[in-house]
Every structure is written in C-alpha cells, then in structure tokens.
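Residue numbers (the numbering used here): 10 to 251.
C-beta atoms are modelled at their ideal positions from N, C-alpha and C, and glycine is treated no differently.
Here the structure is laid out as structure tokens; the discussion comes afterwards.
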Amino acid sequence: MIPENPSDETKNLPITQWPEEDRPREKMIALGKKSLTNSELVAILLRTGIPGASAIQLAQQILSSSGNRLIDLARLEVSDLRAKGIGPAKAVAVMAALELGNRMLRENVESRETVLKDSKDLFHFFASRIADIDHEEFHAVYLNQRGKVSWYQRIAEGGLTETTVDMRRLFAPAVEHRAASLAVAHNHPSGELTPSRHDKELTRRIAEAGRILNVRLTDHIIVGITPAGRHDYFSFAENGLL
Numbered sequence: 010m011i012p013e014n015p016s017d018e019t020k021n022l023p024i025t026q027w028p029e030e031d032r033p034r035e036k037m038i039a040l041g042k043k044s045l046t047n048s049e050l051v052a053i054l055l056r057t058g059i060p061g062a063s064a065i066q067l068a069q070q071i072l073s074s075s076g077n078r079l080i081d082l083a084r085l086e087v088s089d090l091r092a093k094g095i096g097p098a099k100a101v102a103v104m105a106a107l108e109l110g111n112r113m114l115r116e117n118v119e120s121r122e123t124v125l126k127d128s129k130d131l132f133h134f135f136a137s138r139i140a141d142i143d144h145e146e147f148h149a150v151y152l153n154q155r156g157k158v159s160w161y162q163r164i165a166e167g168g169l170t171e172t173t174v175d176m177r178r179l180f181a182p183a184v185e186h187r188a189a190s191l192a193v194a195h196n197h198p199s200g201e202l203t204p205s206r207h208d209k210e211l212t213r214r215i216a217e218a219g220r221i222l223n224v225r226l227t228d229h230i231i232v233g234i235t236p237a238g239r240h241d242y243f244s245f246a247e248n249g250l251l
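Here is the structure:
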C-alpha cells in the first residue's frame, strides 16, 4: 500500500528523485485523485518547492498556517501567501484552485435551488457567497411569488463586527424587479452566530419597511464558520424573531 506521506528519507529530496509511487502526480494517475492528501494536491499546484523545502513540505507549511483547514485557507488572499514567502505564481495557483472550488459549490447550489423555499435553502444560497469572508457583508435576494430568485445583490460591507444598511439601497431592487418578498443575510467572521442587538433592530426595521412597500421579509440569515470548521447559520424565521 502506498504511504500517505513520503518517508523521512525522501521528503527532503526533489520530488523528481522520489520513488514514483510517492510522487503526487504519478500517485493521482495510478490511484485516482481521491487517494491524495490535501498537501499532495496543493503540492501539484505548486509544482516545485523553494530553497530548503520540497513542494510537499511547502504545501504542508501553507496548510499548517491555516490550521490544516481548507475553509480557512480559502479566506486568504494572494498577498497573505506572499507574506509567508511564497512566490506570486505559486500563490496565484493555490488561490485560483480554491476559488474554483468555491464557485463550483455556488454553481451547484444555484442549479439545484433556483427556488428558495425555506431557511435551509437560503442558508445554502448565501453560505457559498459570504460565509468565508473576513469582514461583515450584508446581502439580499429578491424573490417572486413562487419563491424563485429574481435578483441578488450585495447591499453593504463593513468591519469585523457590524455593517450599516441603507434601507433605500435595500428596497430599490425590490421595487425595480417587482419582488414579492426578499430575504437578507450577513456573515459573522468570528463564527459566533448569535444575533446582536443591532442585528435584531435592523431586522425589525427591514420587516417594517417591507410591510409599507408590500414586500415581505421572509428571513434574515446569519452565516459563519464554526470553530469545528463547518458552515452553519442562525435563522430569524426559524427562531420566531420575525
């Protein structure tokens, strides 16, 4: 059986000098993509190492700096990897692959859930867009009578703990696209999903403005990444706060 990681005797050598069964590219060809560890997959993107570290070792350093969690690694920017001593080409390759994965998730959600029927649908819709952002953003989706998405828009972005929302900017697309209802969401970068007093007051104001304009607020979703590295959410509707 092929070991998950190369032996101590080979890991300091260039990958081209490793036994063929230990090389990530050859391992993928022989055993398939699911046989590779995260560090081996990242090493393929890096292609080569840097002085003093093979591609595998460099990949392990990159993953270790993010707690060995791809979710946290995806939150970084090219400049963050550059600050760790990684060249621009390698940093761009890693970030591009992670962004493609995130877009694939988003595309899959959109293809399955063009009609958003409940809070879980809304969570999946919003999570792929804002859960891994390192600052707060406030987004809205506008729905027709059947719950089908008619428009989607980022409304505001703020700091680490709070975002200011302009009601005129929030409801203008609802009027323009003749939405019957809307749902809003924002992220908590800390992963703590309990709504703040500001969150509750903002939700109350949105619901009140919606009643005046005859555009129902169906839910307010708070999304984030838990300490265990899992996407999760808090729903105002599910918790009886609408």
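Straight-line CA distance for residue i to residue j?
| i | j | result |
| --- | --- | --- |
| Arg-121 | Phe-132 | With a pLDDT of 45 at Arg-121, under the threshold of 50, the predicted position of this residue should be treated as unreliable, though the coordinate-derived value follows. If I take the Cα positions, the gap works out to 13 angstroms. |
| Ser-244 | Leu-79 | 26 angstroms |
| Asp-89 | Thr-173 | 27 angstroms |
| Lys-209 | Lys-42 | 46 angstroms |
| Arg-213 | Leu-251 | 7 angstroms |
| Gly-238 | Ala-183 | 34 angstroms |
| Tyr-242 | Leu-202 | 7 angstroms |
| Ala-39 | Leu-45 | 11 angstroms |
| Asp-141 | Arg-220 | 32 angstroms |
| Arg-84 | Met-113 | 16 angstroms |
| Ile-95 | Pro-236 | 27 angstroms |
| Trp-160 | Gln-154 | 13 angstroms |
| Glu-146 | His-197 | 9 angstroms |
| Leu-54 | Asn-77 | 17 angstroms |
| Val-253 | Leu-125 | This structure leaves residue 253 out entirely; the chain is present only between 10 and 251. |
| Asp-127 | Gly-249 | 14 angstroms |
| Leu-109 | Leu-82 | 13 angstroms |
| Asp-130 | Leu-226 | 15 angstroms |
| Gln-69 | Leu-211 | 43 angstroms |
| Val-87 | Pro-97 | 7 angstroms |
| Ile-156 | Asn-111 | At residue 156 the sequence reads Gly, which differs from the Ile that was named. Rounded to the nearest angstrom, the two C-alpha atoms are 24 angstroms apart. |
| Ala-52 | Ala-62 | 11 angstroms |
For residue i, count the other beta carbons within 10 Å of its own beta carbon; 16 or more makes it buried, fewer makes it exposed. Which is it?
| i | result |
| --- | --- |
| Asp-143 | exposed |
| Lys-99 | buried |
| Ser-205 | exposed |
| Lys-36 | buried |
| Arg-187 | exposed |
| His-207 | exposed |
| Leu-222 | exposed |
| Asp-228 | buried |
| Ala-136 | buried |
| Pro-33 | buried |
| Ser-199 | exposed |
| Ala-73 | Note on identity: in this sequence residue 73 is Ser, with Ala being the wrong assignment. Exposed: under 16 other Cβ atoms inside 10 Å. |
Give the DSSP-derived three-state secondary structure of residue i in the structure shown.
| i | result |
| --- | --- |
| Lys-126 | coil |
| Asn-196 | strand |
| Ser-120 | Unreliable placement is indicated for Ser-120, whose pLDDT of 46 sits below 50; no coordinate value is reported for it. |
| Ser-75 | coil |
| Ser-88 | helix |
| Val-103 | helix |
| Val-184 | helix |
| Asp-141 | coil |
| Leu-67 | helix |
| Glu-273 | Nothing in the structure corresponds to residue 273, since the chain is present only between 10 and 251. |
| Lys-209 | helix |
| Ile-95 | coil |
Tell whether a beta-carbon distance below 9 angstroms holds between residue i and residue j.
| i | j | result |
| --- | --- | --- |
| Ile-231 | His-240 | no |
| Ala-105 | Leu-152 | no |
| Arg-102 | Arg-163 | In the sequence as displayed, the identity of residue 102 is Ala instead of Arg. No, they are not a contact pair. |
| Arg-178 | Ala-165 | yes |
| Ile-59 | Leu-67 | yes |
| Phe-180 | Val-224 | yes |
| Ile-65 | Lys-93 | no |
| Met-176 | Ile-139 | no |
Can you name the residues that DSSP bridges to residue i?
| i | result |
| --- | --- |
| Gly-233 | Asp-241 |
| Leu-191 | Tyr-151, Leu-226 |
| Ala-62 | Ile-59 |
| Glu-146 | Glu-166 |
| Lys-157 | Val-124 |
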